[in-house]
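Here the protein sequences come in this chain order: E and F.
Oh and the first sequence: position 29 is 523 in my numbering, straight run, nothing missing.
Oh and the second sequence: position 42 is 82 in my numbering, straight run, nothing missing.
C-beta atoms are modelled at their ideal positions from N, C-alpha and C, and glycine is treated no differently.
Remarks on the structure that follows.
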Amino acid sequence: MAHPSQLGFQDAASPVMEELLHFHDHTLMIVFLISTLVLYIIVAMVTTKLTNKFILDSQEIEIIWTLLPAMILILIALPSLRILYLMDEINDPHLTIKAMGHQWYWSYEYTDYEDLGFDSYMVPTQDLTPGQFRLLETDHRMVIPVDSPIRVLVSADDVLHSWAVPSLGIKMDAVPGRLNQTAFITSRPGVFYGQCSEICGANHSFMPIVVEAVPLEHFENWSSLMLEDA
Amino acid sequence: MRKSSAVTKIAVQADSPKLNYKEKDRGCTAMAGEEAAGQNKGFKLLGILDVQRTPCAREAILHGAGGSVAAGMLYFLATSRVRRSFDVGFAGFMLTTLGSWFYCRINNAKLRVQQRVIQEGMRNKVIYEGTVLDPTNKPNADAPPGPP
Numbered sequence: 495m496a497h498p499s500q501l502g503f504q505d506a507a508s509p510v511m512e513e514l515l516h517f518h519d520h521t522l523m524i525v526f527l528i529s530t531l532v533l534y535i536i537v538a539m540v541t542t543k544l545t546n547k548f549i550l551d552s553q554e555i556e557i558i559w560t561l562l563p564a565m566i567l568i569l570i571a572l573p574s575l576r577i578l579y580l581m582d583e584i585n586d587p588h589l590t591i592k593a594m595g596h597q598w599y600w601s602y603e604y605t606d607y608e609d610l611g612f613d614s615y616m617v618p619t620q621d622l623t624p625g626q627f628r629l630l631e632t633d634h635r636m637v638i639p640v641d642s643p644i645r646v647l648v649s650a651d652d653v654l655h656s657w658a659v660p661s662l663g664i665k666m667d668a669v670p671g672r673l674n675q676t677a678f679i680t681s682r683p684g685v686f687y688g689q690c691s692e693i694c695g696a697n698h699s700f701m702p703i704v705v706e707a708v709p710l711e712h713f714e715n716w717s718s719l720m721l722e723d724a
Numbered sequence: 041m042r043k044s045s046a047v048t049k050i051a052v053q054a055d056s057p058k059l060n061y062k063e064k065d066r067g068c069t070a071m072a073g074e075e076a077a078g079q080n081k082g083f084k085l086l087g088i089l090d091v092q093r094t095p096c097a098r099e100a101i102l103h104g105a106g107g108s109v110a111a112g113m114l115y116f117l118a119t120s121r122v123r124r125s126f127d128v129g130f131a132g133f134m135l136t137t138l139g140s141w142f143y144c145r146i147n148n149a150k151l152r153v154q155q156r157v158i159q160e161g162m163r164n165k166v167i168y169e170g171t172v173l174d175p176t177n178k179p180n181a182d183a184p185p186g187p188p
């Protein structure tokens, strides 16, 4: 999850998010250099004593300020398109989970092998135990096996919602009557938090998402327990 | 709460041993108090570039600063033109920063690729060790042939 007053991205928990972080650093350095250049030019313009009232054109500088931005845009666009297509790859998922948005909770269904489903409500602030995160914890987490490709089918029961987990680099709109598909692999075990990202009513801010990535054996134990209790 | 004959809401025991795993390995998360103690605010150039946390940023900026000073000083010593020396110094900063940045990033990218190959190899070694698919198994001429 984000730490207080955090402005940047959360640590990546999936390969796609790692790529997004690297692309962001690359683009930010370009933006920083352009900003520095503009700042320097402004200071130079303001402090110079030279004036030229009769300048009409200059082929050299016009070539430079046409070609240079074009090269910069290509330098940004190529990695961007690469990641765009990388995010659309679906590599034979091991598990398919349906995430349904409701007002105001998420429900998850694991129906590949058995019928397993549960609702995930936010833990109210007054019910939190010490160490839990306010407005982020849920009573039931979406547990997945680590290092396994997971497909998530996102939809909604009533109004628009959006299933988002920043550290996995995922955001997918939940549209009533439509199935949206996304896929991810968690590269490390852990607990990853997200929040509904489409305005959906009074409690839009109070329907978080918690994804827990555990080793396969733990996942099998968890799912067996869930099915036994059914 | 949604209910159906096929899908049933299930209550999970909070102290179930299989769920204790999440308490030990939180990945990127931590208890609220631990985060505040360990975090220090990064230094952001122009308010946007966090040179402490962005890989290669610190080295690129330092190399750029050094290149800028060197280029500007050399030009000034050669021509004694102050204003133009600043311009040359700035150009040196841009070129040195860019060069250092991309050199470091390319090396990091190569390291990441090697890391992934090694991780994949380690994972495959665990899976395939002792089987016919183990790439480290040398074929034994005296061994009987495998099943057809």
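Neighbour list for H520 (chain E) in chain F, Cβ cutoff strictly below 8 Å: R145
Residues near I566 (chain E) in its chain [Cβ-Cβ closer than 7 Å; skip 5 each side]: I524
Coarse secondary structure for M581 (chain E), derived from DSSP in three states: helix
Coarse secondary structure for P660 (chain E), derived from DSSP in three states: helix
In DSSP terms, what A668 (chain E) is bridged to: E:H655
For H588 (chain E) and P643 (chain E), believed in contact at Cβ under 8 Å, the rounded distance: 6 Å
Test: A538 (chain E) CB closer than 9 Å to a CB of chain F: yes
Inter-residue Cα distance where the pair is L610 (chain E) and I638 (chain E): 13 Å
Exposure label - Y687 (chain E); buried when at least 16 CB within 10 Å: buried
Status (buried if at least 16 other CB within 10 Å, exposed otherwise) for V510 (chain E): buried
Neighbourhood of G107 (chain F) by C-beta distance below 6 Å, restricted to the same chain and skipping five residues each side: G132 and T136
Interface residues of chain E facing T136 (chain F) [CB-CB closer than 9 Å]: Neighbours of T136 (chain F) on chain E: none; closest Cβ ~11 Å, over 9 Å.
Closer than 9 Å to chain F by CB, H516 (chain E): yes
Assigned secondary structure, N147 (chain F) (DSSP; H/G/I helix, E/B strand, else coil): helix
Residue-chain proximity (W83 (chain F), chain E), Cβ-Cβ < 9 Å: The residue asked about is misnamed: residue 83 (chain F) is Phe in this sequence, not Trp. It does not; no Cβ of chain E falls within 9 Å.
Chain F contact residues for G695 (chain E), given Cβ-Cβ distances below 9 Å: Near G695 (chain E) there are no residues of chain F at all, since even the closest Cβ is about 17 Å away, more than 9 Å.
Interface flag, F116 (chain F) vs chain E, CB-CB below 9 Å: no
Residue(s) in a DSSP beta bridge with G684 (chain E): E:A707
A100 (chain F) at chain E interface by Cβ criterion, 9 Å: yes
Per-residue DSSP class, three states only, for I555 (chain E): helix
The region 141-151 of chain F / the region 542-560 of chain E touching (three or more Cβ pairs under 8 Å): no
Where Q159 (chain F) falls: helix, strand or coil (DSSP): helix
Chain-order list of residues whose beta-carbon lies under 7 Å from that of A100 (chain F) (same chain, five-residue window excluded): T137, S140, W141 and C144
Interface flag, I88 (chain F) vs chain E, CB-CB below 9 Å: yes
Beta-bridge pairing of P95 (chain F) - partner residues as DSSP gives them: Looking at the DSSP assignment, P95 (chain F) forms no beta bridge with any residue, so it has no partner.
Assumed close pair P563 (chain E), H520 (chain E) - CB separation to whole angstroms, cut-off 8 Å: Not a contact, Cβ separation roughly 17 Å.
Chain-order list of residues whose beta-carbon lies under 7 Å from that of L721 (chain E) (same chain, five-residue window excluded): E608 and L610
Straight-line Cα distance separating R98 (chain F) from V91 (chain F): 5 Å
Inter-residue spacing [alpha-carbon to alpha-carbon] between D641 (chain E) and N585 (chain E): 12 Å
Segment contact flag, the region 647-660 of chain E with the region 617-630 of chain E, C-beta cutoff 8 Å, min 3 pairs: no
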